[in-house]
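S.K.: Position one of the sequence shown corresponds to residue 8 (this note's numbering), numbered consecutively onward.
For each residue, glycine too, the CB sits at the ideal point set by N, CA and C.
Take this structure first; my questions come after.
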Amino acid sequence: MKIIRDYIYVEPEDRGASVAVGNFDGVHLGHQSVIDLARQTAEAISAPLGILTFEPHPRSYFAPQSPAFRLMSSEARATRL
């Protein structure tokens, strides 16, 4: 697994990936379904699989008055994904 912290660091071999996008805090069954669909698509088109998540939590930008609730740390999320 590669962790890429900014799109400018995406290597040529990782471009054109099928990407699951979400916060993925907790990686529940719904998240797993989204990731599995991206995985199936990647396999079907012979492309890399990518998972795009957010740090900091998007709520810190869109609703800064409401603190973001976290089920797991960024490190734990990377391990689960």
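In three-state DSSP terms, what is residue 26?
M.R.: What you label residue 26 is simply residue 19 of the sequence shown in a count that begins at 1. Correct three-state label for residue 26: strand.
S.K.: Go ahead and pull the three-state DSSP assignment for residue 10.
M.R.: Here the question's residue 10 lines up with position 3 in the sequence shown. Here residue 10 sits in coil by DSSP.
S.K.: Our contact map puts residue 27 next to residue 58 with C-beta atoms below 8 Å; I'd like the distance itself, whole angstroms only.
M.R.: Within the sequence shown, numbered from 1, the residue matching residue 27 stands at position 20. Within the sequence shown, numbered from 1, the residue matching residue 58 stands at position 51. Confirmed, Cβ separation roughly 5 Å.
S.K.: Measuring only the C-alpha atoms, how far is residue 79 from residue 68?
M.R.: Counted from its first residue, the sequence shown places residue 79 at position 72. Counted from its first residue, the sequence shown places residue 68 at position 61. Answer to the nearest angstrom: the Cα atoms are 19 Å apart.
S.K.: Cα-Cα, which of 37, 77, 73, 51 is closest to residue 61?
M.R.: Working through the sequence shown from its first residue, we reach residue 61 at position 54. When the alpha-carbon of residue 61 is set against those of 37, 77, 73, 51, the nearest one is in 77.
S.K.: DSSP beta-bridge partners for residue 58?
M.R.: As a first step, residue 58 must be located in the sequence shown, where it is residue number 51. In DSSP, residue 58 forms a bridge with 27.
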